[in-house]
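In this note's numbering, the protein residues as written are 266 to 537.
Everything below concerns the one structure shown next.
What follows is the structure in structure tokens.
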């Protein structure tokens, strides 16, 4: 079955389940941040397991369901649980949800993630708006993709929308919540980075490192979707301190930041 055929079946299923609800914005929730979904008004939950051709997440902290509801007057589609290359998935599986988002006609996507802080000014619990990214995954989700006239050489000069970033910064300023800007670097995982790798990534210009977001961002831009990227710094990257890294720490910091994230998202969405 081709991607087009799969997307047709997925869209038909979701259109029926959403019953006329037309999401304006999609939000992809990162590790430990699924509590954000509790702020949706009149939510409709659709488990990934029921959606045709949708992968199923295997990582703790990723709920594995799609929710449709409203927040700050905006119709929102929340992907609570994402897919990662380190699960052994193909890059096509990892990015399938972004193709679905496009098929549903959504033109604004918020990609959130949990990340390790490389910038020495960062501390756990900080938020970083993604200005740009470095793809260190060793693959690209557009391999073999065409636009009908051959290979599409996608311009990524401004992958993350300045307009959305400025609106989010305005929301943060209004709520007096400090926020950083920076460059996010994506690896495949599942190992955390070595201290030597972190030094190299800093030399390359990375402020934070994680194991997601970049493949999704590339596909979103392929579909001309406006992007906002937001990293929650859940730990300092290897070698910056002597502390060992763990997924449990990621989940704990994510949980602690939920209230701050909900307030920011509510203010941001209300201003869109």
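Glycine included, C-beta positions come from ideal geometry on N, C-alpha and C.
Bear in mind the structure is a predicted one, so any value in this text is a computation, not a measurement.
Item: Proximity below 8 Å, CB of residue 317 to CB of residue 275; Value: yes
Item: Bridge partners - residue 405, DSSP secondary structure assignment; Value: Note: residue 405 sits in no beta bridge, so no partner.
Item: Delimiting residues of the alpha helix (DSSP H) encompassing residue 270; Value: 268–283
Item: Completely contained beta strand (DSSP E) runs for the segment 372–458, where each covers 3 or more residues; Value: 373–382, 392–400, 445–451
Item: Alpha helix (DSSP H) segment containing residue 530, residue limits; Value: 523–536
Item: Residue 494 versus residue 473: straight-line alpha-carbon distance, rounded; Value: 12 Å
Item: Residue range of the beta strand (DSSP E) that includes residue 491; Value: 491–501
Item: Under 8 Å between C-beta atoms of residue 532 and residue 440; Value: yes
Item: Extent of the continuous alpha helix (DSSP H) run through residue 287; Value: Run containing residue 287: none; DSSP gives neither H nor E here.
Item: DSSP beta-bridge partners of residue 345; Value: 294, 330
Item: Residue 311 - containing beta strand (DSSP E), residue span; Value: 306–312
Item: Of the residues 295, 337, 356, 447, the one placed nearest residue 484, counting alpha carbons only; Value: 356
Item: Three-pair Cβ contact test at 8 Å for the segment 500–508 versus the segment 419–436; Value: no
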